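Below is one structure; the comments refer to it alone.
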Amino acid sequence: MSILSSSSLPEMQAGPRRWSSAQRTGAVLLGAIAVMALLGPWLFAVDPARQQLDLFLQPPSLAEPLGYDPLGRSMLARLLYGSRLSLSLALLSVLSAAVPGTLAGILAPWCGGWTERVMAALADAVLALPGLLLVLLLAAFAPGGFWPLYIGLALALWVEYFRVVRAACHILLASPQVEASRLLGFGALYIVRRHLLPALLPRLLTLMRFGLAGSVLAMSALGFVGVGLQPPTPELGVMMIELLPYYREAPWLVGAPVLVLLSTLLGLQLLAPAQEVT
Amino acid sequence: MSVAATPAALRVADLTVWQGSHTLVRRVHFSIPAGGVLTLLGESGSGKSLLAQAIMGNLPGTLRSSGSIEIAGQLSDAADSGARRRGWGRSIALLPQEPWLALDPTMPVIQQVAETYELVSHAGVDDGRDSLRTARAAARERAAAALDSLGLQAAAAKYPFMISGGMAQRVAFLATHAAGAPLMIIDEPTKGLDADRRDEVLALLLAARAQGMSLLCITHDVWLARALGGQLAVMRDGEMVEQGPAAEVLATPRYAYTQRLLAADPACWPAAPTVPVAPVTGPVIAELRQVSKSFGKHRLFSTVDMRIHAGEIIAVTGPSGAGKTSLGNIALGLLKPDVGTVVRAPGLARTAFQKIYQDPAAAFVPTVSLRCSLQDLMRLHALDWAMLESLLVRMRIAPVLLDRLPRQVSGGELQRIALARVLWMKPALIFADEPTSRLDPLTQQDVMTLLVEQARALGTAVLLVTHDADIVRCVADRQIRLE
Numbered sequence: 000m001s002i003l004s005s006s007s008l009p010e011m012q013a014g015p016r017r018w019s020s021a022q023r024t025g026a027v028l029l030g031a032i033a034v035m036a037l038l039g040p041w042l043f044a045v046d047p048a049r050q051q052l053d054l055f056l057q058p059p060s061l062a063e064p065l066g067y068d069p070l071g072r073s074m075l076a077r078l079l080y081g082s083r084l085s086l087s088l089a090l091l092s093v094l095s096a097a098v099p100g101t102l103a104g105i106l107a108p109w110c111g112g113w114t115e116r117v118m119a120a121l122a123d124a125v126l127a128l129p130g131l132l133l134v135l136l137l138a139a140f141a142p143g144g145f146w147p148l149y150i151g152l153a154l155a156l157w158v159e160y161f162r163v164v165r166a167a168c169h170i171l172l173a174s175p176q177v178e179a180s181r182l183l184g185f186g187a188l189y190i191v192r193r194h195l196l197p198a199l200l201p202r203l204l205t206l207m208r209f210g211l212a213g214s215v216l217a218m219s220a221l222g223f224v225g226v227g228l229q230p231p232t233p234e235l236g237v238m239m240i241e242l243l244p245y246y247r248e249a250p251w252l253v254g255a256p257v258l259v260l261l262s263t264l265l266g267l268q269l270l271a272p273a274q275e276v277t
Numbered sequence: 000m001s002v003a004a005t006p007a008a009l010r011v012a013d014l015t016v017w018q019g020s021h022t023l024v025r026r027v028h029f030s031i032p033a034g035g036v037l038t039l040l041g042e043s044g045s046g047k048s049l050l051a052q053a054i055m056g057n058l059p060g061t062l063r064s065s066g067s068i069e070i071a072g073q074l075s076d077a078a079d080s081g082a083r084r085r086g087w088g089r090s091i092a093l094l095p096q097e098p099w100l101a102l103d104p105t106m107p108v109i110q111q112v113a114e115t116y117e118l119v120s121h122a123g124v125d126d127g128r129d130s131l132r133t134a135r136a137a138a139r140e141r142a143a144a145a146l147d148s149l150g151l152q153a154a155a156a157k158y159p160f161m162i163s164g165g166m167a168q169r170v171a172f173l174a175t176h177a178a179g180a181p182l183m184i185i186d187e188p189t190k191g192l193d194a195d196r197r198d199e200v201l202a203l204l205l206a207a208r209a210q211g212m213s214l215l216c217i218t219h220d221v222w223l224a225r226a227l228g229g230q231l232a233v234m235r236d237g238e239m240v241e242q243g244p245a246a247e248v249l250a251t252p253r254y255a256y257t258q259r260l261l262a263a264d265p266a267c268w269p270a271a272p273t274v275p276v277a278p279v280t281g282p283v284i285a286e287l288r289q290v291s292k293s294f295g296k297h298r299l300f301s302t303v304d305m306r307i308h309a310g311e312i313i314a315v316t317g318p319s320g321a322g323k324t325s326l327g328n329i330a331l332g333l334l335k336p337d338v339g340t341v342v343r344a345p346g347l348a349r350t351a352f353q354k355i356y357q358d359p360a361a362a363f364v365p366t367v368s369l370r371c372s373l374q375d376l377m378r379l380h381a382l383d384w385a386m387l388e389s390l391l392v393r394m395r396i397a398p399v400l401l402d403r404l405p406r407q408v409s410g411g412e413l414q415r416i417a418l419a420r421v422l423w424m425k426p427a428l429i430f431a432d433e434p435t436s437r438l439d440p441l442t443q444q445d446v447m448t449l450l451v452e453q454a455r456a457l458g459t460a461v462l463l464v465t466h467d468a469d470i471v472r473c474v475a476d477r478q479i480r481l482e
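Line by line, the protein sequences are chains H and Y. As numbered in numbering that gives the first Met the number 0, the first sequence has no gaps in its residue numbers, which increase by one up to the final residue, 277. As numbered in numbering that gives the first Met the number 0, the second sequence has no gaps in its residue numbers, which increase by one up to the final residue, 482.
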């Protein structure tokens, strides 16, 4: 047991929450990556698929800041297109897992009884299947294209949001603050907006951060087994796998997509509120 | 200054605690002789707990301290907390407030006590007589014996959430005491406990004293200070305003503040001025018929009949676990009874029944300012903001407080804001669930007086759960006792 109780001093700073320097750094980092991914392909107008085989593995120069890849394609162009595709797909699949997962996680303890039991059983059933298998199954029904891919990812990933949110909501819905609001006549939407979401947000952000990294890697893994995105498409995960054999000759090639993913995650990590609970 | 044969258990000289330019504890001096008791009395926010933390050496990071602290002859600088940290558990121990929160919920009781025997007071291991394995077995034996001595043998294998608050307090006491520290700081031992449990705590402390332990007891409970005896010091705004033998200070307080503090003890309140012996004539606003409730196999109460008339104040009393809160929640419609019916008078608004909580901070949205919460309420019901402002004036709440978050406002202030919020809804019934048990005497009297005064003025019925017989005597029209 702990011998000492934690002290509870009132914090004197009231009013709007200030951004810490870490949070500002994170915001700048994410802003830069967003600008790069959104505007990059338009500013640096080089076709990422055009091969100039005589230029293969040429080191960086002023005209080509990242040089050429083993097939003589412009590495910068591929990186910019790849970032746009990977990050938007990852964001899409994370959001499409987080939103239904959170809603279900709030709904289940709210309704209670049989509704909750059925939803929990469904979640456990999904959890019993490996996520990759689920995606492969879907890809087999509708081969090619992004849609089965990202629906599959969402179907596999919503469970963790559901479970975390449900556990937290059980406690929150039974708390005096929610009871007081109900007695004062507030409706469900108000309770979700004022009581549940602010308390859930830190946990959700943590999960989404892990989910974002996970889904970029999951997509590349799917590409590797021949489902979903295939090598000519510039995609961060596919590029990492493709370029890894050349790390000795041209380390900047495999370093570039890794760095983009790393700084995205770093930015998200820095942006998260300091008193985060996982 | 005479040199005593045995050094004082604790001598504090010139202790000051400050944060930035803000002094929180100012030049405090006192000493406790070996085997003595000092009770620190004061309202919340007077710096009592900070003083204890400064003595232990675990002040929060942003606070600084100066002065000197001597524990059993070992002198150290107040700012040098490391010196005292080494003595934690062995020469000085602290029993935290609400100790049931300090117990590990995932560990059986006996293990938590044995842990201290094994890890903090491992004399045998230190001088190489025992191996770790035998130390562990010996620690378990000693823990079992210690639990026996306080009548806790049945609880040994249980987890902290399975035992009562009073038992948890005894377990925490054993765990902190196991390493044999001769000096113990006890922070608010009776906070949130009902009268029966308070007696248990007192017996525990008196037994510890009889064993020769020195105690520094921090409390806002005048009853405990009186029963514990020894020395008494009164703190206000970080300063020690009065100090002397407990009996003397309590009988003839010299300072106006001490006098007010003592007068605020419910035992000294004037009995209800207008004793309403007249039969209640108001219409019935809620009626419970043959209501029973049990949780699992535990029967709370059965076939209770209760009529609540408009404007009356009903006290609900009984030992903890008797179902006082459940009865109120059933009356409010928050809980469904197993058997029986609850009838609300027709024509009452959906929000006509309101509740005031034991912990006011738990009843507000924690993430937005109080003003924001109250404005949400105003928009929802199209209420009159001016009415709230006049209620707040009557509660003596400065409007600037509303711009703070709930946790940045003191408990007494927040409870008065909660009361204003509830009264703003013009309720027919307020269920007040131990509304003052966590407040210090001055604030308690304040909140209780305002609650009764406003309820009488507005003709609101109050269902008051309390464990304090004095409060019942002073404010209630009638009493329902649950066994």
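Glycine included, every Cβ here is placed at the ideal spot set by N, Cα and C. Model, not experiment: these values are computed from the prediction.
For H380/Y, the C-beta contacts it makes with chain H under 7 Å involve G184, in order along the chain.
DSSP places G81/Y inside the alpha helix (DSSP H), whose first and last residues are 80 to 84. When Cβ-Cβ separations below 9 Å define contact, P233/H makes no contact with chain Y. If only complete runs of 4 or more residues are kept, the segment 120 to 163 of chain H shows the alpha helix (DSSP H) at 130 to 140, in order along the chain. Between I429/Y and K354/Y, the gap from beta carbon to beta carbon is short of 9 Å. Those residues of the segment 175 to 203 of chain H placed with their C-beta closer than 9 Å to a C-beta in chain Y are P175, Q176, E178, A179, S180, R181, L182, L183, G184, F185, G186, Y189, R193, H194, P197, A198, ordered along the chain.
The contact set of A362/Y on chain H, defined by CB atoms closer than 7 Å, consists of P175, Q176, A179 in chain order.
For E42/Y, there is no enclosing alpha helix (DSSP H), as DSSP marks it with neither H nor E.
For S75/Y, the uninterrupted beta strand (DSSP E) segment begins and ends at 73 to 76. Residues of the same chain with a CB within less than 8 Å of the CB of Y356/Y, apart from the 5 flanking positions on each side, are A362, A417, D432, P434 in chain order. Annotated three-state conformation of G243/Y is strand, per DSSP. Setting aside the 5 residues that flank it on each side, L133/H is surrounded in the same chain by G151, L154, A155, each with a C-beta closer than 7 Å to its C-beta; the list follows chain order. In this chain, the alpha helix (DSSP H) harbouring L242/H covers 235 to 242.
The DSSP-derived three-state label of E69/Y is strand.
Assignment of S130/Y by DSSP, reduced to helix, strand and coil, places it in the coil class. The count of Cβ pairs closer than 8 Å, one atom from the segment 439 to 448 of chain Y and one from the segment 35 to 48 of chain Y, reaches three, so the stretches are in contact.
Shown here, H219/Y sits in coil according to DSSP, grouped into three states, outside any helix or strand. For the C-beta of Q353/Y, the chain H residues within less than 8 Å are, from N- to C-terminus, L182, L183. In this structure, E199/Y is the residue among M234/Y, E199/Y, Q258/Y, D236/Y with its C-alpha nearest to the C-alpha of L227/Y.
For H176/Y, the enclosing alpha helix (DSSP H) stretches over residues 164 to 176.
In this structure, DSSP gives W17/Y an extended state, which the three-state scheme calls strand. Q289/Y and Q478/Y have their C-alpha atoms some 18 Å from each other. Using a C-beta cut-off of 8 Å, the segment 243 to 262 of chain H makes contact with the segment 57 to 67 of chain H, since at least three inter-stretch Cβ pairs fall below that distance. As the crow flies, the alpha-carbon of L23/Y is around 10 Å from that of R63/Y.
For the pair G130/H and L216/H, the Cα-to-Cα distance works out to about 13 Å.
For the pair G100/H and V191/H, the CB atoms are not nearer than the 9 Å cut-off. Under a criterion of Cβ atoms nearer than 7 Å, the residues of chain H adjacent to M424/Y are, in order, L183. For V224/H, there is no enclosing alpha helix (DSSP H), since its DSSP letter is neither H nor E. Taking a cut-off of 8 Å on C-beta distances, the segment 313 to 327 of chain Y touches the segment 458 to 468 of chain Y, as three or more cross pairs fall below it. Three or more beta-carbon pairs separated by less than 8 Å are not found between the segment 337 to 350 of chain Y and the segment 386 to 396 of chain Y, which leaves the two stretches without contact. For the segment 300 to 321 of chain Y, the beta-carbon criterion of a distance under 7 Å to any beta-carbon of chain H is satisfied by none of its residues. Taken through DSSP and simplified to helix, strand or coil, R63/Y comes out as strand.
DSSP lists I217/Y as the bridge partner or partners of D186/Y. Take G81/H, set aside five residues on each side of it, and the residues of its chain with a beta-carbon closer than 7 Å to its own are P233, E234, L235, M238, P256, in chain order.
Contact between the segment 370 to 390 of chain Y and the segment 180 to 191 of chain H is present: 3 or more CB-CB pairs across the two stretches fall below 8 Å.
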